[in-house]
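Notes for the one structure printed next.
In my numbering, the protein residues as written are 3 to 99.
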């Protein structure tokens, strides 16, 4: 929607679409691979849940976007398309519950 949204993929393969405002895309391992569209670098954030940290991830640039993986297992957390620039550690936050 328009505004600051929290987008959760939950189990399975989901498509998360950012919009106007500062959006939060919540990602965790063992919940399926999500497709993320319209990520705004420096405005939106990837929120890592379930004990994940940025140091445990690998970002791979592809011809079509960026693949976000868990480095130790190769599990794909998200395929990111349409990011407004290069994604870096400053685009991530951790969610502790």
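No residue lacks a Cβ here, since even glycine has one placed at the ideal position from N, Cα and C.
(request) Return the chain-ordered list of same chain residues with a C-beta closer than 8 Å to the C-beta of residue 74, the five sequence neighbours on each side being excluded. (result) 58
(message) Which residue wins for smallest C-alpha separation from residue 39, given the options 48, 66, 18?
(response) 18
(request) Using beta-carbon positions only, say whether residue 72 and residue 61 come within less than 8 Å of one another. (result) no
(request) In angstroms with no decimal places, state the Cα-to-Cα distance between residue 10 and residue 33. (result) 10 Å
(message) If I follow the unbroken beta strand (DSSP E) through residue 22, where does it start and stop?
(response) Here residue 22 belongs to no beta strand (DSSP E), and DSSP marks it neither H nor E.
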